[in-house]
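Here the structure is laid out as structure tokens; the discussion comes afterwards.
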Amino acid sequence: MTALRKIRRRVFPETMGRQLLVGALLPLCFIVPVLVVQLFWPDADGANEWKVVAVFLGAVIFCLMMGFFKYFSVLLTIQESNETEGASDT
Numbered sequence: 031m032t033a034l035r036k037i038r039r040r041v042f043p044e045t046m047g048r049q050l051l052v053g054a055l056l057p058l059c060f061i062v063p064v065l066v067v068q069l070f071w072p073d074a075d076g077a078n079e080w081k082v083v084a085v086f087l088g089a090v091i092f093c094l095m096m097g098f099f100k101y102f103s104v105l106l107t108i109q110e111s112n113e114t115e116g117a118s119d120t
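Residue numbering for the sequence shown follows the working numbering, starting at 31 and increasing by one per position.
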């Protein structure tokens, strides 16, 4: 393996695309629940039930998306640690 390939592999790891996708998921965890709350928020003053539904639905979506973000972050960390263990064996 040439020195240029070693540098390229170290600077641009194979998991870089997955790292970018996981990184893009984090802002979506905060943006999507706000958009859902705005979607369900009623225009009328007397619709308190829909306000409660909107707030709880936004909170549930936030928790689900943060769970996905944490799952994929841990999965990516495990894959990277397995790659570095394999690289150190050679």
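A virtual CB, placed ideally from N, CA and C, is assigned to each residue, including glycine. It should be emphasised that the depicted structure is a prediction, and the values quoted were computed from it without experimental measurement.
Handout entry: DSSP three-state assignment for F60, whether helix, strand or coil
Key = Position 30 of the sequence shown holds residue 60. F60 falls in the helix class under three-state DSSP.
Handout entry: Inter-residue spacing [alpha-carbon to alpha-carbon] between L94 and P63
Key = Numbered from its first residue, the sequence shown carries residue 94 at position 64. Numbered from its first residue, the sequence shown carries residue 63 at position 33. So the alpha carbons of these two residues sit roughly 10 Å apart.
Handout entry: Reduced DSSP secondary structure (H/G/I, E/B, other) of G88
Key = Position 58 of the sequence shown holds residue 88. Here G88 carries a helix assignment [DSSP, helix/strand/coil].
Problem - Contact under 7 Å by Cβ, F99 with L56 - result: Counting from 1 along the sequence shown, the entry for residue 99 is found at position 69. Counting from 1 along the sequence shown, the entry for residue 56 is found at position 26. In this structure, L56 lies closer than 7 Å to F99 by Cβ.
Handout entry: Neighbourhood of L18 by C-beta distance below 8 Å, restricted to the same chain and skipping five residues each side
Key = Because the chain is modelled from 31 through 120, residue 18 falls outside the range shown and cannot be assessed.
Handout entry: Proximity of E110 and T45 at Cβ, strictly below 7 Å
Key = Taking the sequence shown and counting its residues from 1, one reaches residue 110 at position 80. Taking the sequence shown and counting its residues from 1, one reaches residue 45 at position 15. Closer than 7 Å, so yes.
Exercise for the section: Identify which residue in R38, I91, A89 and P43 has its Cα closest to the Cα of N112. Expected result: Walking along the sequence shown from the start, residue 112 turns up at place 82. Of the residues R38, I91, A89 and P43, the one whose Cα lies closest to the Cα of N112 is P43.
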